[in-house]
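**Student:** One structure, pasted below without further comment.
Numbering (my numbering), first residue to last: 1349 to 1419.
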């Protein structure tokens, strides 16, 4: 998924959905890191992209939290 599409999807999600998305991305990153440690994975750039996606989700969560506090 492209970064812009991913960001658009994040803006439409609720806070609970964002937290679930963050958890699932972290689990996937953990599994890929473990797999990469035991044997090389096909696409090592996937680790980098997952870390970026996690950062995007965390940013969206923080933005929603701040928006909720200001209301």
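Think of the CB as a built atom: it goes at the ideal place given N, C-alpha and C, for glycine as much as any other residue.
Excluding the 5 residues preceding and the 5 following residue 1363 in the sequence, name in chain order all residues of the same chain whose CB lies nearer than 6 Å to its CB.
**Tutor:** As a first step, residue 1363 must be located in the chain shown, where it is residue number 15. The residues are 1412.
**Student:** Note down, in chain order, each residue of its chain lying with its Cβ closer than 8 Å to the Cβ of residue 1377, except the 5 sequence neighbours on either side.
**Tutor:** Position 29 of the chain shown, counted from the first residue, corresponds to residue 1377. Cβ within range, chain order: 1395, 1398, 1399 and 1402.
**Student:** Go to residue 1384, then tell me how far its alpha helix (DSSP H) extends in each direction, as first and last residue.
**Tutor:** If you number the chain shown from 1, residue 1384 lands on position 36. Its alpha helix (DSSP H) spans residues 1363-1386.
**Student:** Tell me whether residue 1375 is buried or exposed, calling it buried when 16 or more other Cβ atoms sit within 10 Å of its Cβ.
**Tutor:** Locating residue 1375 in the chain shown gives position 27, counting from the first residue. Exposed, because fewer than 16 other Cβ atoms sit within 10 Å of the Cβ of residue 1375.
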